[in-house]
Structures are given as structure tokens and as C-alpha cells.
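Residue numbers 0 to 1552, in numbering that gives the first Met the number 0, belong to the letters of the sequence shown in order. Glycine is no exception: its CB is placed at the ideal position from the N, C-alpha and C atoms. To start, the structure under review is shown below, and the notes come after it.
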Amino acid sequence: MEPGSDDFLPPPECPVFEPSWAEFRDPLGYIAKIRPIAEKSGICKIRPPADWQPPFAVEVDNFRFTPRIQRLNELEAQTRVKLNYLDQIAKFWEIQGSSLKIPNVERRILDLYSLSKIVVEEGGYEAICKDRRWARVAQRLNYPPGKNIGSLLRSHYERIVYPYEMYQSGANLVQCNTRPFDNEEKDKEYKPHSIPLRQSVQPSKFNSYGRRAKRLQPDPEPTEEDIEKNPELKKLQIYGAGPKMMGLGLMAKDKTLRKKDKEGPECPPTIVVKEESGGDVKVESPSPKTFLESKEELSHSPEPCTKMTMRLRRNHSNAQFIESYVCRMCSRGDEDDKLLLCDGCDDNYHIFCLLPPLPEIPKGVWRCPKCVMAECKRPPEAFGFEQATREYTLQSFGEMADSFKADYFNMPVHMVPTELVEKEFWRLVNSIEEDVTVEYGADIHSKEFGSGFPVSDSKRHLTPEEEEYATSGWNLNVMPVLEQSVLCHINADISGMKVPWLYVGMVFSAFCWHIEDHWSYSINYLHWGEPKTWYGVPSLAAEHLEEVMKKLTPELFDSQPDLLHQLVTLMNPNTLMSHGVPVVRTNQCAGEFVITFPRAYHSGFNQGYNFAEAVNFCTADWLPAGRQCIEHYRRLRRYCVFSHEELICKMAACPEKLDLNLAAAVHKEMFIMVQEERRLRKALLEKGITEAEREAFELLPDDERQCIKCKTTCFLSALACYDCPDGLVCLSHINDLCKCSSSRQYLRYRYTLDELPAMLHKLKVRAESFDTWANKVRVALEVEDGRKRSLEELRALESEARERRFPNSELLQRLKNCLSEAEACVSRALGLVSGQEAGPYRVAGLQMTLAELRAFLDQMNNLPCAMHQIGDVKGILEQVEAYQVEAREALASLPSSPGLLQSLLERGRQLGVEVPEAQQLQRQVEQARWLDEMKRTLAPSARRGTLAVMRGLLVAGASVAPSPAVDKARAELQELLTIAERWEEKAHLCLEARQKHPPATLEAIIHEAENIPVHLPNIQALKEALAKARAWIADVDEIQNGDHYPCLDDLEGLVAVGRDLPVGLEELRQLELQVLTAHSWREKASKTFLKKNSCYTLLEVLCPCADAGSDSTKRSRWMEKELGLYKSDTELLGLSAQDLRDPGSVIVAFKEGEQKEKEGILQLRRTNSAKPSPLASSTTASSATSICVCGQVPAGVGALQCDLCQDWFHGRCVSVPRLLSSPRPSPTSSPLLAWWEWDTKFLCPLCMRSRRPRLETILALLVALQRLPVRLPEGEALQCLTERAISWQGRARQALASEDVTAVLGRLAELRQRLQAEPRPEEPPTYPSAPASDPVREGSGKDMPKGLLENGDSMTSPEKVAPGEGSDLELLSSLLPQLTGPVLELPEATRAPLEELMLEGDLLEVTLDENHSIWQLLQAGQPPNLERIRTLLELEKAERHGSRARGRALERRRRRKVDRGGEGDDPAREELEPKRVRSSGPEAEEAQEEEELEEETGGEGPPLPTTDSPGTQENQNGLEPALGASSGSLAPFSTLTPRLHVPCPQQPPQQQL
């Protein structure tokens, strides 16, 4: 299907006219009236009045006709080109004994024509193959890419098209030594064929009905009988000059052996063709390889040849006969057994000299390449419609048409939408696949079959109703012969022009693009039936349409130059519109007319079964177009239907019969024709031709007086030759008659040059009646004799023109305009007189000004007619002038009395005319009123008016007439209003502007505005804002000058109020800076203390936990904070917001809180210690059982006990310490440490609420706090916390410096030195468990205290263990059974103070080195907690396993993103996001927090610890760090440690590692 056929877009609609009955009575007059509009579209539609319904006069029973056959896809020009190409290529294969079947590609028929054209446009077959551009060919044919369509197209092209193209180009005759093929000259010159009826031709002897459709359908399998009966199937061969068709489905059959003819030559073997699947045509390539391959499939048949096409000459003895049989290619006669004789021209060819060569002698009819090319290049026959073989009546045709339409659309005929039929029609027309055939009863002579309109003749009697329609001008039998029509002067009944033609249509039957003969008008009336769809192009675009069609289908016009005159070619309106041709459309329904204008191309089709009638007509305005058409025909050498010169001369010969308008037009045309004839005869004399004789051309048949050069029918004159009597030429082609001497040529003329002016004079005499009348009208209108005519005389002239039907000329229009103007003046004068008599009761608004009165009087005087009402108008003018003098005197004596002015105004109103002086009097009164209003408004004692009042007063003053007093008052009011608006705008800007002004500026504005006597709202608002600003400044001064620094809450409140004020306040900037600094310090302190996403506030963390003794209260409050339900910061201290403003109250409350916290934690420890251990097997849930943060009872392996509150928790629900972790390892320390230095200290999230920064960091915050001019409760709490920490640190140092503790520390230091003295292996083996040479197992550590492990040579260093392998954890697990303790013995006197200090130090939210030192001493003095160590090892293993799984998932996700081609996110960012969400890797979280803290504190103080247990840094007594591993060895542990989810709604605070 052609692209674009499914989306047919209907062109715009043509004009539609609905005449009234008055307009409808004059058909040609109405058409002339609508012509300026309608001819711009080319066609128009006319709907008669509703009750104009002519009866159908055709005798239905006797009406019989033979329709034409229309194959729809042969109508469209571009489709016909493709079909013609398929015909030619099919003929090429038929000549060689093959039938063409077009293959399917991608489920649609392959367009061989487009394929051939595209191959040529792309450079030819060889170039495309060389550049491998067959895929581009497939793309241009709109095939989808990527399916190897290009190779398939190449295969089809090589098998079907390429051999044909070779023959067309003559490539296979290059080496032929014979005479070249020469076309006859007569084939080169196109001769228009003489068709008796338009569009009809005889059926082609070469074309069978439906032959094209058969090429697109698979053939039925031939039977044995078909093969026997059909000689073409019987003699099927794979021989010949070109590729052969395969796939006819023939199977081998057994034949009885026949005796060979003794004298007859042996026939070549036949071929049995096997059936192939697919049904597509296979055309084998003409290469020798193909023949060799097919040769292998030959099965020899003993059956002799049925017809010999090659005659062997080896038995002939005549030498001369033998010499005549030589090869036309190589000119040799040898190898005569290889010579082929052409059945067309009897030329001989060697089978090996042919291109391509043949492998064997072919059997059957064979034609040489020259004959094949001659047959293929035969010019195509002229296209036309065939006549059907069946005769129809109206009833039988209607039944056939309705049945066809109903079956086609599968619905009743009246329900099919016209839009659907239109789209389907153009789809079928553009399709080469669907061969739909319809029948059209077109150009049926009404003379023979009877018109659809009633006709007045003697055949039958008409009823009165029929008589009315028989004489109507809209009857198509009457319209061409109306008095105003030109065709009435042609005697002959020209069928189709003067005599209507009838059209019986069915759905899809069409009439093709054409213009009427001689560019005449045409009118079509649809008597009944379904609509007829029309398309039209205006005359201005006629040549453009012809150019477009010739450009798109040059092949058709090369063979038929007058194709558009044959009415056999369509082209899609969308195609024309896309090339700039304007096209309109319409649906002509039953009872409607369609008019086509001169040289307007039109076409269309029928929506269904209908009956229409059409005829031509010509009006006076057609005559110039008719003359231009003859010149056009002369250039095209086209025959004329009638002689235009003869028509003009015939009308000029009988001028008394002409309509006056027609007579004028004929006179103009006759004058042009006479001038041209004079010029042509003068040229004839100059050539030396003097002989002449008169000839009555109208008595000669048209074919005897046609110019042999341009085919024009001669009438006025022609040039003939005595020696060449068979031809003549018009005087425009006197040099093309013959080559005889000018003396033998003579002029044949119809009229002499003296007779032609006499005919012009007769036309002029016919128009004298109009001229006489026109002269009278001209004298009357221009008053040439000085006498004005009366209205009655002018009306008589107008009546004469109407009665004598004079043309509607400019002069007549002037007369009508003059009469209309005079009658209007009379009516107006009568109204003026009657209005003056009515006085005050006349209608308002109808008064005439004095100037208009004078102009009216001048108008009446200037009219070319006399009117007695002029005297009345003059009298009124005199009264007005007298009143005007009196009013001027009153105005000159101002101030006059009000009574005089009022009486003058009343008299002026009674005159009925507007006098200027009366208006001046009115203005004087209005001015006085306005000035009085102005004074009252601006009086000092009056209340100030608003701006709206002032503007209204100013607008009212604008309507008052100007005067010096009014102008002065308006200027003062305008100035006052401008000043008020300016100050109001200033105040508005001050209130709304972003840049606020200082109070001094606002005071100045308010002070200036006080002097304006107008109420200004914005100034008032500015006053109120200024008062608020002054009160705000007073509040600020009071706070700043108090005894203490102001509180942050007070400053924030003042800043919020100050920002809302539209006043620039310098103090506000200072307050904002102070608030910003305070917030910055608070944020820095929050980052220092608070964990990320902590549920505690800074103040809560800094203050002691006063209710630490109540586990339920503490836990419920922590859960409330997790859920966001707990809001109060000061509830624990028991202080109100007002108490926080007093520093003393905060300090007292803090001290009390410290004591309560200590007492509470001791009580809590006692309570929790009494609870059953979850590790015991007899643990049961009870009221005294521990509850984890997740709300469940911790039980079994994996439970941890807080070292501070002694409560139990799930290890997976809280952050736990790492056994081997050290922020600052010593390069000489042992990677495996003593068990008491392992990080096993665990504080629950309820006890360790903050990050616990080091004391140095806190001191830096206090220094920054001292510089703040603002008081914060957090700052005072921080001071209290610092004092508490320093106090504890002093006591701790004192305890550590005691003699007993010093001795213990010395023993621990000695033990550490012994560990460090052990040599480290250079390249230790990396296996997970200790081998048999383990020094521990061999007893190499026998001199060390119990409970210690050293780094033997066979131990695996954690530095060497690959991340994630877990070998260090397995090693530690294997060593747990060997751990013993204690390593030190602490007396109770020494242990008790240290334990109390440890308790107080764990309550501090500060990290101190002394805390860690005390914890190590206490650990060394007791047995190792193996259960906790095992729990910590299991939890760490689970963390590592989860980290590896997440790492692999992240890697897979990253690879999927890369594979999808998306923008891969940064892997670090991918890992960071899950860490944020799942909180995996607390070290990474803490590292980020440390970076943020260092950015905020500027690097003040040492880095924060990264473990849950406080005091992991080196203490002041020289204690070494807990681990000797480097930071690099800790990287795998810190980055792979996940944060476990808890079932609470929010995460609990995580312990810091």
C-alpha cells in the first residue's frame, strides 16, 4: 500500500450558495453575481430553494445503457506508472516463456518500480553492489532495518529486474555486428488518437481482464489435463535468453517411449520442475553457473520436441544457403550445431556468443535479444476505459451497485459514512495490490435516452407542473440556449456542450481530472441517489496542476501528451496540495447543482448509486477565456470542438438577436479579432502572396478546414497551395504549409477587410438604444443644458432601463444612486420640518448641527434634480442664524442674569438644530457648578478627603469646558494630587521595600506628608510602624544595659519582632549576629557531644541524670525520646524556663542532680544485680527480669551486661566493643595483647548518652563560650560538667599516685615490657590457626605470668590477614580455653576506692585517660570474663559476615548499572548510603562525626576516641595503648562492621568504637 493512502486529508470545502427565489429566477444573472467569489475556488455548489423539485422525466423501463469498466488503481497517475512498468517487465518474461509473479517481502508486495527507480537514483546496480548499499535501498523502500532485507532485495533485483534493465539499455547488443535497431520515425511522433467518445477505447489485445491482479496471487496447481491442454505449460523449458521462472508445481509424469524420428534432429532434454515452498516466484540468475546447476537436474525424456525453434543446418548441401547462416555476433558460421535461429527475425547466434551464454540448445520458441528489446520497447497503447459487455437497465444497475457497496463495506448502503468511502476510494486508487473494478454509466446522450428534466417536445404531453420545469432556466436543456448564453448561436447540437449528458454511477466510479472543452462553464445536477464527491482547482492554478502531474508522472505524458484531455487520469488531491496546488472539495447531494468555471480542473467520484445530468454553457464573460483557449489549443495542436471565429462572426452577423450585454462583449471581441486579422493578412502580403479567393468555411467539414500545423479550425482565412490541395494552414503558420513557391500559394478568406468593419458597425448600431438612453442620463445627471430634472423625470429614465433590460452599467448605477440620494434628502427635509413643529416633544438625539444643516442645504442644491422642500430648509436656517446673533450678545455681556441664559437655552432646544452658542451657554453653567464643588472640598475647615475623592473631582473637571478659572483650579488640584500620590508611593516603598530605611528618614517623610490636606493610608501605616520601632529600641536598650548578659530566648524574640518591622534598625544587626554566634556555638557543642541521630538534647546530655535510680522511668523516657514524644529539656533538673535565666539556680540544680544521679545508679545496680542472668538456663520472664531496648527479654548466648547499670541487653541490639581495636597502636607493641587489655568494657545506650569528648575539646568550647555576649543554659551546664570532670580527674590522679597502686602499675608495666621485648616475625605464615609449633602449646611462655599470650613465630599477624577472612577471630577463639587470671592481686582497700572512682567516671559524659587506667587495673585483678569474650567474638563474626554479604550485593548492583549503560554512581557513595540507612560500621560514622567536629572546632584538642569504652588513649602515668596493631590493620574491621537493626521504631543510640 502506498504511504499516505490511509491518512487522506480532505481538502477544504468549496463555496456553497443558497439563492432566494428572486435571485433563482435569473440563472445566468445569479451565476454572474456569485462569479467573483466562486471562481476563486474553481467550483461551487448551489442549493435551489427547498420547494424547487423537478420531476424525474426519464422513462425508467426503456432506459438501457452499457457502462464503462474502471479499474481503480489504473486511474491514478502514479499508480498507473507502476502498473505500466509491471506490464512491461511481465511482457519481457512472457516473451521468454515465463510468467511474472511478484514476490512478497515483509508481508507486502515488492514494489518493483520503486526498487528500479531507487537503484537508478543510487548510482546503478554495479555501484550499489560495489559500495554494499542494498541496506540503504531497503531503507528507502520503508523496510525495517536489521532483517537482512537488503540481500533479499538484491536477490529479487538480480533475478527479475536486472535482466529486463539490461535489455532496455541494450547492454547485451554491444558486440552485435548487425545493423542497429532503428525505430521507425512514425513511432517517435505522437499522434492524438481519435476517440469517438471520450475516455473509451477498445479492449487491448495484449491485456487480459484482471491480468495484473493475477500476478499478485498464487497460481492454482496445474493438473494433468491443464498440462495437456495448455501448450505453454506443456512446453515449459528452462531455456532462453534470460532468467527463467521456477515453481509452477509440475511433477514428473511417466510417458511411454516413442520412436525417434530418423530424419528429425534429436531434441534437447526437457526439465522436470520440482515444487517449491513459499509460493513466491523464483527467477533464476542469467549466469552460466545457474544453467550448469540446473543442468544437473535434467531428466531426459524420450518425448520429441513439440515445436522446433532451432533448425540445424548440417544436412543442407547448398553452400550459399549455408553461408547465409552465420552468427550475428562473431560473423562466423562454424560450429553450426551451436547456432540458434531466431523465430522473430531469422538471425543466427551462437549459444556461447549470447550475453549471458546458453549451456545448451533451447527448445520451443526462442527470440534473439534484438527481438526481445524491440518488443519491450514497443510504445504503450493509449490508455482508456473499456466498455462493459453487459447492458443494464436502471433497476438492474442499481441492484448491482447496491449489492456491491453493501458487500464491500459489510453494512447497509445508507449507513456508510461519506468520509469512510472517500478514504477507501483514495486508498484503492493508490494501491497496486488490490484490483477493484467498478462500472460507470458515463456520457450517456440525453438526445437518445431522454433527459432527466421535462422537455417541451411533441413526443408527450406535459402537465402544468412539468411545463413549469421544462421552461425553467435551471433546466439543463434550456440553460445553454438562454438569450444571454453564447452557445445558443451555434446551430449544431454539440453533445455534452449544448445537449446534456447523463451519468449513472455506483460507489467508487470516478471522473478524472479535466477541464471543459473550450474552457466553458459546466453545470451538473444530481437528480437522485447517493452523493457525488467533487474536487476542484481554480483557473489560476490550472497550469500549476498540469506541471505537477507532468513532473510526477513524465512516463504517461511522454506517451500521451494530451493525457489530461482524455479524462482518464486521477491524482490524489493531497499530492497536489503538497506541491502547492489549491484544491477544494464538496459533496453534491440529490437536488443540488455544481458549477465549474472556465479552465477550472475538476474530478470526483460517486458515493453510491445515483443519477446525474450535466451540460456546458457560455456567458458573455466567457468570450475572452474562449479566445485564450483557442490560442492554448493552437500551441498544443489540439482539435477544436467548434470555431471560435465562426461563433463571433455569426453573432456579429445577427446583432439584433443579441442581448445588449452580450452585444457589447461581442463587439469588444470582434474588434480584437479584426485587428489581428489585419495584421496577419498584412504579413501575408509582405511575403508576396497576392492570390485570394472567397471560401464559405462554414459549409466545409471541420476536418477539411483544419490547419495542418496547429489543428485549429479556420474560418476567417486560411492559406492554401494549388500544388498541394490536400492541406491548408492558418495565417499564424504560413511558413509551414509547403515548400512550394509563394506564387503557387493563395489566400482563402470568408470576409474581406472591408466587410469586417461593417459587421462591427452593426454591433454598434444594436447598442445605440443603450447609448441614446445613456446620453439622456448623462445630460440629466451632469445638468449639461442648465435645467434640473424633476424626480419624476429621473424615475422615468430608471424605469426605461429596467423595462428594456439594459446592462447594469456604471451609468445606471449613478442614476440609481442619484435617485436614492434625492429621495433621502426629501425624507430628511420633511423630518426636519416636522421635528421643529414637535418642539420639546421630539425624539432626543435627532438634532442636526448648524454645519450639518448648511451642508444638507448645499447637498440639496447640488443634486441634479429640483425639490420644493429646499425652501423649507432655507427658512429653518434663517431662524437659527437669528438665534445665534442673540446668543452671542448674551455671552459678550457676561456675567448675565441666570434667567436670560436659561431662556436662551430653552429657545435653542426648540429650534431642532444644535447651535454652537447654546453649547457655550451650557458650558458656562457647568463651569460654575464645578468650581463651587472644588472650593467646598479643599476648604481648611472641611474634613480631609481621600485620594479617590480627589481623583473623582479631577475627572469631573476634565469634562467641564476649559476656562482660565477652571484651568487654574484643575492645575492646582492636579498638583496636589500628584504630590499626595508621590508621598503615598514613597510611604508604600518604605513599607514594602527590602532595603529598610532608618527611623530618621521615616520621620522626615511623615513630617513632610503632614502638610498635605489629603488622607494618606500608607503614611498612617508608616507612623504606626515608626512607633513600634521606637518601642523596640527601648526594649533592646533595657536588655543590653541589665546586670547579666541577656538570655538567648530574649534575643531571639527581639530579633523576630525587629525583622517584621519595615524600619532599618542598626541594633537588629547586632542582635542577629549575637544570636547567630550563640547558635553556632550550640551547634558546635552538639556535634561535639551528641551522637548522630541522637534522641537526647544537648542540655540533657550535659546535665546529670537525676532519675538514674528508676530503671522503668529511665527506660520509658528513653523510648519516648526515640519515638519523639518527650520534649522538655529541663524536666530532669526540675527548673522552669524562668529559673534557667538565673545562673545560680542552674549551678544549685546541677549539684543536686549529681548526688541524685550517683544515688540512683547505685540503687539501679543493686536492682539489676538481683535480676537473674540471661546466660543461666533457668532464666524465666518475670517482673524482675531484664528488658532489652527492643522490648524483649535478653536470654541465652549473645546477651551482654552493662558495666555501669548492670542491666542485660541483646548484643545484636546495641553497639558492642571490639576485642582488638586501638586508635593509636605502637609500632613495637605486640599484635596479640594480654586479655585484661582487650576492649571488653560495655556501657549500654541508656548509660552512655553522648560521644563523651575529651576534656581538652570541652575546654576549647568553654573558651569560645566566654567570648559570647549571650547566656545559654547549655553553656552553664557545660561549665558545671567541666568542673565535675576536673574534680574527678584530680581525685583519680591522686588515687593512681598512691603507693599501692603505683606498685601494681609497675608490675603491669614490667609485664608489658616483656611482651614488647618478644621479637616480631619478618614473614609469618598466613594460616588461620596455630600449628603444632605454637609456642603456647610447646610451653615457650612458661616464664610469663598466667593468662598471657605472646606473639610466637607461628602466629598469624592481623596485619597479614586478608580483610574479611576472620582468621584473627578464629585464632582468638582457639586461645580462649588457655586464658586464666587474675594476673594481679588487688587488696580490698585498694580495689574499693578504685571501683567507686570507676563508677563516678562512667557517669561522666567526658573521656578521661584515668578512667581507662583504672579499668585496666580492675580487669587485671580479676579472672577473665570468658562468656563476654565469646559473646563479643560471635557478634563480631556475624558483623563481618553481614558486611561481606552487603559488599557483594553492592558490587553486583554496581555491575548491573554499568551493564545497563547508565551513569554509574560512585561506589563510595553506594557504600555510604547503606551505611547511613543500616548504620553499618560505627567507625565510619564516628570518623565522619570526628571530621565534622574538627571542622567546627578548628582542630582544637586531640581527636575523639572511637570506642565505646572511655579512656582508650594513653594515660598520663605512661600506660601504653591497649593494642599494638597499626591503624592499617584495623581498617578491615572498622569498615566491615555492620550496625544491627533493632525492632524498635527508631534506632537506639550507637556506642562509639
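- Query: Do you know how far the Cα of Q386 is from the Cα of Q201?
  - Reply: In this prediction, Q201 scores a pLDDT of 45, lower than 50, which makes its location untrustworthy; no coordinate-derived value is stated.
- Query: Quick one: does the C-beta of A589 sit closer than 7 angstroms to a heavy atom of the ligand PLP?
  - Reply: With respect to the ligand PLP, the structure shown offers nothing to examine, as it has no ligands at all.
- Item | 8 angstroms contact criterion, which L114 and L82 should meet: CB distance rounded | L114 to L82, Cβ: 15 angstroms. No contact.
- Count the other CB atoms within 10 Å of the CB of P10; is the residue buried (16 or more) or exposed (fewer)? buried
- Contact check, V118 vs I148 under 8 angstroms by CB: the rounded distance? Actually they do not touch by this definition, with Cβ atoms about 14 angstroms apart.
- Can you name, in chain order, every residue of its own chain whose Cβ lies under 6 angstroms from the Cβ of C352, other than the five neighbours on each side? C326, M328, C329
- Would you tell me roughly how many angstroms separate the C-alpha atoms of L1385 and T1239, rounded to the nearest one? 20 angstroms
- Item | I493 and F714 closer than 8 angstroms at C-beta | no
- Mind checking which residues open and close the alpha helix (DSSP H) that includes E1556? With the chain covering 0 to 1552 only, the question about residue 1556 has no answer from this structure.
- Query: Taking the Cβ atom as the reference point for each residue, do E73 and M570 lie within a distance shorter than 8 angstroms?
  - Reply: no
- Is N1410 buried or exposed, if buried means 16 or more other CB atoms sit within 10 Å of its CB? buried
- Query: Could you give the uninterrupted runs of the alpha helix (DSSP H) lying entirely in the region 654-720, keeping only those of 4 residues or more?
  - Reply: 659-686
- Message: In the DSSP assignment, the alpha helix (DSSP H) including F424 goes from what residue to what residue?
- Response: 417-428
- Item | The alpha helix (DSSP H) enclosing E991, as first and last residue numbers | 963-991
- Three-pair Cβ contact test at 8 angstroms for the region 1159-1175 versus the region 1183-1191: yes
- On a CA-only basis, which of Y156, R106, L952, V454 is nearest A56? Give me that one, please. V454
- Query: Bridge partners of W533, per DSSP?
  - Reply: T585, G603
- Query: Using CA coordinates, which residue listed in D735, S740, L810, R747 is at the minimum distance from D770?
  - Reply: L810
- Item | Contacting residues, own chain, Cβ-Cβ under 8 angstroms from A134 (five flanking each side not counted) | P144, I148, G149
- Based on Cα-Cα distance, which residue from C706, A717, E694, A49 lies nearest to L683? A717
- Identify whether Y348 lies in helix, strand or coil by the three-state DSSP scheme. strand
- Message: Does L1098 come out as helix, strand or coil in the three-state DSSP assignment?
- Response: helix
- Message: For T945 and R906, I'd like the C-alpha separation in whole angstroms.
- Response: 42 angstroms
- Query: T462: buried (16+ other C-beta within 10 angstroms of its C-beta) or exposed?
  - Reply: exposed
- Under 8 angstroms by Cβ, that's how I've got W1235 and Q1415 pegged, so tell me the actual separation to the nearest angstrom. 6 angstroms
- Residues bridged to K44 by DSSP? V15, V593
- Message: 8 angstroms is my cut-off, CB to CB: does E791 come that close to chain D?
- Response: The structure shown contains no chain D; it holds only a single protein chain.
- Hey, how far is the Cα of G1380 from the Cα of E1433? 22 angstroms
- Task: Taking all protein chains shown into account, decide if H643 is buried (16 or more other Cβ within 10 angstroms of its Cβ) or exposed.
- Result: buried
- Task: Alpha carbon to alpha carbon, how far is V420 from L393? Give it in angstroms, no decimals.
- Result: 22 angstroms
- From the DSSP output, in three-state form, read off C326 for me. strand
- Classification of P1466 by the beta-carbon crowding that lies within 10 angstroms, buried from 16 upward: Any reading at P1466 needs caution, since the residue's pLDDT is 43, under 50, leaving its predicted position unreliable; the model's value is listed next. Exposed: under 16 other Cβ atoms inside 10 Å.
- Task: Tell me, please, which residues DSSP counts as bridged to W365.
- Result: Partner(s): none; W365 has no beta bridge.
- Task: Could you pull out every residue in the same chain whose Cβ sits closer than 7 angstroms to the Cβ of K985, ignoring the five residues on either side in sequence?
- Result: I1004
- Which residues DSSP lists as bridging A865, in chain order: S789
- Query: Is DSSP giving G246 helix, strand or coil here?
  - Reply: Caution applies to G246, whose pLDDT of 33 falls short of 50 and renders its modelled position unreliable; the value that the coordinates give is listed next. Reduced to three states, the DSSP call for G246 is coil.
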